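Residue numbers (this note's numbering): 44 to 283.
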């Protein structure tokens, strides 16, 4: 049987570079690796336009799409950053209760995982926080899959022309949950710091108690590889 040519949209990460370079192959497939280094772009192009045969995709968007019943993809498991203002009185996750926290998207995989993490380990529930949703560096970002959230969730979209990084510096939000390093942190802005003084120790402690890997220790958001039902998900999974 002739090999199936499959268009794969994915970032140029070290963990997938052998696939991009042809050093790892999927049985019965020829992979056309399309490099897209902006996760929001590849998620949008797949989630809204179904542009690729397979793609790294936000797990949160995948679950939301499946819940709606109109998302014709098969999920393949292939496996963040927490930044806060120095002036914010947040020294532990419990301090986030009642605070203003920014997220690029509610369904973003990193924020889904982090909300579960602070709820299960620190009893900080989504209803305890005032959420702000919008672009990290630009104001043009929307949920990929429409959501209907419970009424106790307090979330509002940021104003046009604003972005979460600037709002963090200005003190308009107290913290960010995001899969991408905010520009102020990269630039060593004195107002911004991590919540955990020793994030590696916090991650190791979490694993000892929960026996669950963070999937984000290397700074990558947890993703799933998603593809239409082409009859080859097991072959894709073999290279995941």
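Here a beta-carbon is modelled for each residue, glycine too, at the ideal position from N, C-alpha and C.
Keep in mind it's a predicted model, so treat the numbers as computed, not measured.
How long is the line joining the alpha carbons of residue i and residue j, rounded to whole angstroms?
i           : j           : result
residue 164 : residue 251 : 12 Å
residue 247 : residue 239 : 12 Å
residue 158 : residue 227 : 23 Å
residue 140 : residue 102 : 25 Å
residue 230 : residue 46  : 47 Å
residue 48  : residue 75  : 7 Å
residue 54  : residue 224 : 16 Å
residue 195 : residue 95  : 37 Å
residue 79  : residue 67  : 19 Å
residue 91  : residue 98  : 13 Å
residue 255 : residue 155 : 15 Å
residue 106 : residue 85  : 17 Å
residue 253 : residue 218 : 25 Å
residue 61  : residue 69  : 12 Å
Pick out whichever of the options has its Cα sitting closest to the Cα of residue i.
i           : options            : result
residue 142 : 52, 220, 56, 245   : 220
residue 233 : 211, 174, 215      : 211
residue 145 : 214, 189, 162      : 214
residue 179 : 186, 206, 170, 190 : 206
residue 193 : 235, 185, 204, 149 : 149
residue 133 : 69, 216, 116, 255  : 216
residue 83  : 184, 245, 218, 65  : 184
residue 89  : 117, 249, 242      : 117
Counting along the chain, where does the alpha helix (DSSP H) carrying residue i start and finish?
i           : result
residue 208 : 207-213
residue 104 : 102-111
For residue i, collect the residues of the same chain with a Cβ closer than 6 Å to its Cβ; drop the 5 residues on either side in sequence, then sort them by chain order.
i           : result
residue 262 : Its pLDDT being 28, under 50, residue 262 is placed unreliably in this model, and the value from its coordinates should be taken loosely. Once the five neighbours on either side are set aside, residue 262 has no close Cβ partner at all.
residue 108 : 114, 188
residue 51  : 74, 76, 97
residue 204 : 182
residue 63  : 76
Kindly list the residues whose CB is nearer than 7 Å to the CB of residue i, restricted to its own chain and excluding five residues on each side of it in sequence; keep chain order.
i           : result
residue 200 : 176, 177
residue 151 : 101, 103, 222
residue 59  : 53
residue 186 : 148, 149, 150
Does any residue of chain D bring its CB to less than 7 Å from the CB of residue i?
i          : result
residue 72 : Absent from the structure is chain D; it holds one protein chain and no more.
For residue i, I'd like the list of residues in its chain whose CB is within less than 8 Å of its CB, leaving aside the five on either flank, ordered along the chain.
i           : result
residue 137 : 165, 166, 167
residue 135 : 165, 238
residue 197 : 170, 172, 173, 174
residue 111 : 188, 189
residue 249 : 160, 164, 255, 257
In terms of residue numbering, what span does the beta strand (DSSP E) encompassing residue i cover?
i           : result
residue 163 : No beta strand (DSSP E) contains residue 163, which is instead part of the alpha helix (DSSP H) from 152-165.
residue 199 : 197-200
residue 50  : 47-53
residue 143 : 143-146
Would you call residue i buried or exposed, if buried means 16 or more other Cβ atoms sit within 10 Å of its Cβ?
i           : result
residue 161 : buried
residue 202 : exposed
residue 191 : exposed
residue 208 : buried
residue 244 : exposed
Would the beta-carbon of residue i be found less than 6 Å away from any heavy atom of the ligand NAD?
i          : result
residue 51 : Looking at this structure, you won't find the ligand NAD or any other ligand, since it has none at all.
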